[in-house]
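> Can you keep this structure in mind? I'll have questions shortly.
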Ligand SMILES: [Zn+2]
């Protein structure tokens, strides 16, 4: 028998399996990072190489973060970008991000990933698209391996500078041949498509306003040739919609569809400004959406129609985005915001049908099914995210899946008085830090602390580099 792990005595274990079982006095048993048993504690083996007693705790499947920019942890809360929407916000950041050097790249990955595992996240997709100043995807992949996080890295790109009608300055974009060559190198070197994979690569040009038509087409061709997923920002703002309408005479979704950017291997970040026909297109072609509520509120971008997506059968996951537009990497916080924002949307949007003329209050019985529940929000962060990333081995706790999970102590100040329904308390009550986080059957967070790395120096170095980069060093 290989490396074994037993978790026992959890007050509740949330499986997120097809039956959505929530097991009282639950536990699980894993061998070499894969679950071999999930069920009541009394039915599990009595010992293992590593035993976790989860008495007084709730266990959930590890969250899946479907959209992030780890390097932006260096530019959180930048004064020049505190109060603006996407385009000016990007313009305030591009040149600083382009100075992300290897040490800053590694360190920013460690900061963002550490925050994520402390908030229950075990699989992270990062969308990196600036590779000046010696930065390479390799530094992030190495950081994720050192910390012990399941990581989907992107070899993203920008090729359309200002002089060619794009948004980023010319000195922040790359030559397209260089982008494609390095994308092939990174895929060949790191992409692992096998079940239980800890590292996958995604081809991810940045957006329709920073990447040429040619590169979008070539990126799709390369991804299909290599069997990797495709990702970009889409329908994030009305400025973007105006850009593609003016420049190409098409709405963003129609523009991307014409460049072979639809299919089950594609997912879009934000996907806010879509009409019903575009929602049907996503559902019919299998495109996924990464919903990033905090970022969308922070930049006043809008509210993605998540409940409509769910009703139409579109795959939806959550992303903390940022971290310059969040400005944190807390997945539990994002789950809570997803539920709350869907409810605000419900209060703002008139219902469809004959009552279109009246704005029904959210309490109206006609709208009961439109409420996003706490369990639905948790589902987005687990099963939903796994589906968006094209993985069937994560997102739920059941035999044959990865041993990725986290626990929360139920006897805390945050949950006090809210234990009538402990599963919903995870979303309704204020986020708290994970007590234990396990990735691939290995403990990464124990007793609320990262145990795979000393974080003190990481934070000190990060603050130094962050100030240096903003000051122009
Ligand atoms: Zn983004």
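In UniProt numbering, the protein residues as written are 1 to 473. For each residue, glycine too, the CB sits at the ideal point set by N, CA and C. This structure is a prediction, so every number in the text was calculated from the model and none was measured.
DSSP puts residue 63 in a beta bridge; with which residues?
As a position in the chain shown, residue 63 is number 63, starting the count at 1. Partner(s): 121.
> Quick one: what's got a C-beta closer than 7 Å to residue 187's C-beta in the same chain, skipping five residues either side?
By 1-based counting over the chain shown, the position of residue 187 is 187. So the qualifying residues of the chain are 201, 226 and 228.
> For a quick check, are the C-beta atoms of residue 389 and residue 64 less than 8 Å apart?
Within the chain shown, the letter at position 389 stands for residue 389. Within the chain shown, the letter at position 64 stands for residue 64. Yes, the pair counts as a contact, with Cβ atoms nearer than the cut-off.
> So, under 8 Å CB-CB, residue 68 and residue 124 are touching, yes? Tell me the CB distance rounded to an integer number of Å.
By one-based count along the chain shown, residue 68 stands at place 68. By one-based count along the chain shown, residue 124 stands at place 124. 6 Å between Cβ atoms; contact.
> Ignoring anything shorter than 4 residues or poking outside the segment 366-409, list the alpha helix (DSSP H) runs there in chain order.
374-379 and 385-388
> Using the three-state DSSP reduction, which class does residue 266 fall into: helix, strand or coil?
For the purposes of this step, residue 266 is taken as residue 266 along the chain shown, with counting starting at 1. Three-state DSSP puts residue 266 in a strand.
> Under 8 Å, Cβ to Cβ, is there at least one residue of chain D near residue 465?
The question asks about chain D, but that chain is absent: this structure has only one protein chain.
> Identify every residue that forms a DSSP beta bridge with residue 151.
Stepping through the chain shown from its first residue, residue 151 is reached at position 151. Residue 151 pairs with 124 and 199.
> Any heavy atom of ligand 1 closer than 7 Å to the beta-carbon of residue 93?
Indexing the chain shown from 1 puts residue 93 at position 93. Flag unset: Cβ of residue 93 not near ligand 1.
> Given the structure, does residue 327 come close to ligand 1, in the sense that its CB is under 7 Å from one of the ligand's heavy atoms?
Here residue 327 refers to the residue found at position 327 when the chain shown is read from its first residue. It does not: the Cβ of residue 327 is nowhere closer than 7 Å to a heavy atom of ligand 1.
> Report back the beta-carbon spacing between residue 295 and residue 326 to the nearest angstrom; my notes put them in contact at under 8 Å.
One-based indexing of the chain shown puts residue 295 at position 295. One-based indexing of the chain shown puts residue 326 at position 326. Rounded, the Cβ-Cβ distance is 6 Å, consistent with contact.
> Is residue 415 closer than 8 Å to residue 60 when the C-beta atoms are compared?
Mapped onto the chain shown, residue 60 falls at position 60. Mapped onto the chain shown, residue 415 falls at position 415. Result no, Cβ atoms of residue 60 and residue 415 do not sit closer than 8 Å.
> Taking residue 114 as the reference, which of 470, 433, 469 and 468 has the closest Cα?
Here residue 114 refers to the residue found at position 114 of the chain shown. Nearest in C-alpha terms to residue 114, of all of 470, 433, 469 and 468, is 433.
> Kindly examine ligand 1 and report whether one of its heavy atoms sits closer than 7 Å to the Cβ of residue 321.
Translated into positions along the chain shown, residue 321 becomes position 321. Checking the Cβ of residue 321 against ligand 1 gives yes.
> Am I right that residue 346 and residue 370 are in contact with their C-beta atoms under 8 Å? What's the rounded C-beta distance?
Looking up residue 346 in the chain shown gives position 346. Looking up residue 370 in the chain shown gives position 370. Their Cβ separation, rounded to whole angstroms, is 5 Å, which keeps residue 346 and residue 370 in contact under 8 Å.
> Whose CA, out of 258, 41, 45 and 16, lies closest to the CA of residue 54?
Numbered from its first residue, the chain shown carries residue 54 at position 54. If we check each option's Cα against that of residue 54, 41 comes out closest.
> When we look at the beta-carbon of residue 189 and count the other beta-carbons within 10 Å, is it buried (16 or more) or exposed?
Counted from its first residue, the chain shown places residue 189 at position 189. Label assigned to residue 189: exposed.
> Can you have a look at residue 104 and say buried or exposed, based on whether 16 or more other CB atoms are within 10 angstroms of its CB?
In the chain shown, counting from the first residue as 1, residue 104 sits at position 104. When all chains shown are included, residue 104 counts as buried.
> Across the segment 10-28 and the segment 390-397, are there enough close Cβ pairs to call them in contact, namely three or more that are closer than 8 Å?
yes
> How about residue 5 and residue 448: are their beta carbons less than 8 Å apart?
Here the question's residue 5 lines up with position 5 in the chain shown. Here the question's residue 448 lines up with position 448 in the chain shown. No; because the gap between Cβ atoms is not below 8 Å, this pair is not in contact.
> Just to confirm before moving on: does the CB-CB distance between residue 234 and residue 269 stay below 8 Å?
Stepping through the chain shown from its first residue, residue 234 is reached at position 234. Stepping through the chain shown from its first residue, residue 269 is reached at position 269. In this structure, residue 269 lies closer than 8 Å to residue 234 by Cβ.
> Would residue 85 pass as a contact of residue 237 if the rule is Cβ separation under 8 Å?
Indexing the chain shown from 1 puts residue 85 at position 85. Indexing the chain shown from 1 puts residue 237 at position 237. Yes, Cβ-Cβ distance for residue 85 and residue 237 is below 8 Å.
> According to DSSP, which residues form a beta bridge with residue 8?
For the purposes of this step, residue 8 is taken as the residue at position 8 of the chain shown. According to DSSP, which records beta bridges pairwise, residue 8 is partnered with 53.
> So is residue 318 buried or exposed if we call it buried at 16+ other beta carbons inside 10 Å?
Here residue 318 refers to the residue found at position 318 of the chain shown. Label assigned to residue 318: buried.
> Thinking C-beta only, is residue 75 closer than 8 Å to residue 97?
In the chain shown, residue 97 corresponds to position 97, counting from 1. In the chain shown, residue 75 corresponds to position 75, counting from 1. Contact: yes.
> Measuring from the CB of residue 109, is there a heavy atom of ligand 1 at a distance below 7 Å?
Here the question's residue 109 lines up with position 109 in the chain shown. Every heavy atom of ligand 1 is 7 Å or more from the Cβ of residue 109, so no.
> Would you mind working out which of 241, 57 and 93 sits nearest residue 73, comparing C-alpha positions?
Residue mapping note: residue 73 aligns to position 73 of the chain shown, counting from 1. Per the Cα distances, 93.
> Return yes when the C-beta of residue 273 is under 7 Å from any heavy atom of ligand 1, and no when it is not.
Here residue 273 corresponds to residue number 273 of the chain shown, with the count starting at 1. Not so, every heavy atom of ligand 1 lies at least 7 Å from the Cβ.
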